[in-house]
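Below: one structure, written as structure tokens.
There are 2 protein chains.
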Amino acid sequence: MDGKPIDAFDKAFELAARLSEAMRQALTERGLTERRAEVIYLLARAGALVQRDLAEALGCSPRHVTGLIDTLQQDGLVKRTPHPADRRAVHVVLTEPGAETARWMTRHRHDSARTILGDLPATDLAAFTRVADRILGHVTQAKRENRS
Amino acid sequence: MDGKPIDAFDKAFELAARLSEAMRQALTERGLTERRAEVIYLLARAGALVQRDLAEALGCSPRHVTGLIDTLQQDGLVKRTPHPADRRAVHVVLTEPGAETARWMTRHRHDSARTILGDLPATDLAAFTRVADRILGHVTQAKRENRS
DNA sequence: GTACATAGTGAAGTAGCTTCACTATATTTG
DNA sequence: CAAATATAGTGAAGCTACTTCACTATGTAC
């Protein structure tokens with residue numbers, strides 16, 4: 200066994216559940232939630248974002264972004280700065296502690312990957328990625344179908 | 200690329216996010232949530248369960264199980280029956296519609312697996328499972344460490 | 001049979017999220 | 001350029017999934 204589709208499929212779901220639980224736990228120790236971490240990740244990548252774009256990227260309502268940024272700002276991880284061209288909009292940028300958190304996230308991700316998967320053959324990892332991509336292709340396809 | 204640990208690791212997280220989203224969506228169309236589906240799955244497997252054991256299996260508070268069973272009962276998927284030996288406890292069992300829902304879940308799972316992964320070589324699926332197991336081993340280990 | 005543990009539930013509260021209504025500013029258009 | 005319309009953000013209110021705490025009813029142990 201373990202070469203059958205259903206086994207791999209079930210394994211993927213188990214992985215999904217445990218991984219997000221583990222992630223949640225690691226983030227909690229740093230005083231973060233998945234959502235807040237996502238904001239930090241997006242800001243680290245983009246440099247600065249308007250709340251509207253954050254809502255788009257996060258797939259949540261603009262109203263909720265307000266709250267997210269509120270608490271992130273209270274925690275000193277981001278700051279609201281005036282948008283250079285649009286006085287309605289708010290530029291959200293990482294503070295230095297926020298940027299350090301982003302670096303920690305990256306470091307942690309790479310370290311975990313190396314620790315957990317470092318000694319597996321590249322062929323296994325490549326096969327894993329192939330199967331994962333196949334599943335991803337189908338779930339994102341389904342998503343688009345529902346959107347139209 | 201794609202043979203590197205970090206790529207597989209990131210892929211696993213993307214898989215986790217998309218898969219639970221896809222799951223949530225499929226369940227919504229049947230009027231279920233992940234939690235309610237989990238209850239149905241557990242009941243289908245065990246035959247009957249006391250709410251206390253459900254709370255244990257779900258990893259949530261007994262109080263929350265009360266609410267979960269309330270709505271599931273309103274929807275006609277489960278029923279509360281007196282526990283044969285303990286008058287404090289409640290035996291929760293699936294109704295016929297509940298059992299049918301459980302069968303639908305199983306069918307849907309198998310069909311999806313076949314559709315999505317059916318034509319991939321068994322060696323890829325086996326490699327996928329190996330990598331998934333490696334990750335699972337680490338996250339559950341971490342969980343136990345934190346527990347002690 | 002008194003003391004203590006356990007199963008379930010009401011009441012109240014938290015976190016994450018939504019919609020709706022409103023203000024302030026931008027953009028379009030006649 | 002003035003009027004109409006669209007857009008960025010936020011307050012208010014509300015929903016869902018969950019928790020803890022206090023309480024009742026029952027079971028178990030000494």
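Protein sequence lines correspond, in order, to chains B and L. FYI, in the numbering used here the residues of the first sequence are 200 to 347. FYI, in the numbering used here the residues of the second sequence are 200 to 347. Beta carbons are placed, not taken as given, at the ideal position from N, Cα and C, and that holds for glycine. Please read these numbers as outputs of a predicted model, since none were measured by experiment.
Pop quiz: H290(B) and A247(B) are said to be a contact at Cβ under 8 Å. What is the actual Cβ separation, rounded to whole angstroms?
For the purposes of this step, residue 290(B) is identified with residue 91 of the first sequence, where counting begins at 1. For the purposes of this step, residue 247(B) is identified with residue 48 of the first sequence, where counting begins at 1. That pair is a contact at about 5 Å.
Nearest by alpha-carbon distance to P204(L): which of Q273(B), A325(B), T265(B) is it?
In the second sequence, residue 204(L) corresponds to position 5, counting from 1. Minimum Cα-Cα distance from P204(L) among the listed residues Q273(B), A325(B), T265(B) corresponds to A325(B).
If you compare alpha carbons, which of G275(L), Q250(L), L267(L) is closest to E233(L)?
Stepping through the second sequence from its first residue, residue 233(L) is reached at position 34. Cα-wise, what sits closest to E233(L) is L267(L).
Sufficient close CB pairs (3 or more, under 8 Å) joining the segment 285 to 304 of chain B to the segment 237 to 244 of chain B
Verdict: yes, contact present.
Any C-beta of chain L under 7 Å from that of R343(B):
Taking the first residue of the first sequence as 1, we reach residue 343(B) at position 144. Any reading at R343(B) is ruled out, since the residue's pLDDT is 47, under 50, leaving its predicted position unreliable.
Over the uninterrupted alpha helix (DSSP H) stretch that includes K210(B), give me the two end residues.
To locate residue 210(B), count along the first sequence from 1; it is residue 11. Its alpha helix (DSSP H) spans residues 204 to 227.
Work out the CA separation of S311(B) and T328(L) for me, nearest whole Å.
Reading the second sequence from its first residue, position 129 is the one you call residue 328(L). Reading the first sequence from its first residue, position 112 is the one you call residue 311(B). Looking at the two C-alpha atoms, the distance is approximately 19 Å.
Please go through the same chain and pick out, in chain order, the residues whose beta-carbon is closer than 8 Å to the beta-carbon of L231(B), but skip the five residues on each side of it.
As a working mapping, residue 231(B) is identified with position 32 in the first sequence. Closer than 8 Å at Cβ, skipping near neighbours: I239, T300.
Boundaries of the beta strand (DSSP E) in which A247(L) is found, first to last residue:
Start at 1 with the first residue of the second sequence, and residue 247(L) comes out as number 48. Its beta strand (DSSP E) spans residues 247 to 249.
Under 7 Å Cβ-Cβ, which residues of chain L neighbour R333(B)?
Against the first sequence, residue 333(B) aligns to sequence position 134. Chain-ordered, the chain L residues with CB closer than 7 Å to the CB of R333(B) read I315, L316, L319.
Can you tell me whether DSSP reads H263(L) as helix, strand or coil?
Translated into positions along the second sequence, residue 263(L) becomes position 64. It is helical.
For S219(L), would you say it is in contact with chain B, using Cβ-to-Cβ distances shorter than 7 Å as the test?
Along the second sequence, one-based indexing puts residue 219(L) at 20. With 7 Å as the cut-off, S219(L) counts as an interface residue toward chain B.
For E213(B), which residues in chain L fall below 7 Å Cβ to Cβ?
The count along the first sequence starts at 1 and reaches residue 213(B) at position 14. E213(B) reaches chain L at L335, counting residues in chain order whose Cβ is nearer than 7 Å.
7 Å Cβ cut-off: residues of chain L touching P204(B)
On the first sequence, residue 204(B) is found 5 positions in, with the first residue counted as 1. Neighbourhood of P204(B) in chain L, by CB distance below 7 Å: A312, R313, L316, G317, L324, in chain order.
If we cut at 7 Å on Cβ distances, does H307(L) have a partner in chain B?
Within the second sequence, the letter at position 108 stands for residue 307(L). Closer than 7 Å: no.
Local conformation of T294(L) per DSSP, three classes:
For this step, residue 294(L) is matched to residue 95 along the second sequence. Residue state, collapsed to three classes: coil.
Just to confirm the assignment, what range does the beta strand (DSSP E) spanning R279(L) have?
Position 80 of the second sequence, counting from 1, holds the residue named residue 279(L). Note, R279(L): beta strand (DSSP E), 277 to 281.
Distance check for D323(B) and L316(B), CA to CA, integer angstroms please.
What you label residue 316(B) is simply residue 117 of the first sequence in a count that begins at 1. What you label residue 323(B) is simply residue 124 of the first sequence in a count that begins at 1. Between L316(B) and D323(B), the C-alpha separation is close to 10 Å.
Would you report the Cα separation of V249(B) and W303(L), rounded to the nearest angstrom?
In the first sequence, residue 249(B) corresponds to position 50, counting from 1. In the second sequence, residue 303(L) corresponds to position 104, counting from 1. Roughly 44 Å separates the two Cα atoms.
Can you find the residues in the same chain that come closer than 8 Å, C-beta to C-beta, to G275(L), ignoring five residues on each side of it along the sequence?
The residue you call residue 275(L) lines up with position 76 of the second sequence. Leaving aside the five residues that flank G275(L) on each side, the residues in its chain whose CB is nearer than 8 Å to its CB run, in chain order, T294, P296, G297.
Inter-residue Cα distance where the pair is E220(B) and T314(B)
To locate residue 220(B), count along the first sequence from 1; it is residue 21. To locate residue 314(B), count along the first sequence from 1; it is residue 115. Distance between the alpha carbons of E220(B) and T314(B): 18 Å.
Short CB-CB distance (under 7 Å) between L223(L) and chain B
One-based indexing of the second sequence puts residue 223(L) at position 24. Reading the sequence as shown, one finds Arg at residue 223(L) and not Leu. False, the Cβ-Cβ gap to chain B never drops below 7 Å.
CB-CB length for V338(B) against R217(L), believed under 8 Å
On the first sequence, residue 338(B) is found 139 positions in, with the first residue counted as 1. On the second sequence, residue 217(L) is found 18 positions in, with the first residue counted as 1. Their Cβ separation, rounded to whole angstroms, is 5 Å, which keeps V338(B) and R217(L) in contact under 8 Å.
Taking 7 Å as the CB-CB cut-off, is R346(B) touching chain L?
By one-based count along the first sequence, residue 346(B) stands at place 147. Confidence in R346(B) is poor, its pLDDT being 41 and thus under 50, which makes the residue's placement unreliable; the coordinate value appears in the next sentence. For R346(B), the answer is no, since every Cβ of chain L falls outside 7 Å of its Cβ.
From the DSSP output, which residues share a beta bridge with V289(L)?
For the purposes of this step, residue 289(L) is taken as the residue at position 90 of the second sequence. Answer is P281(L).
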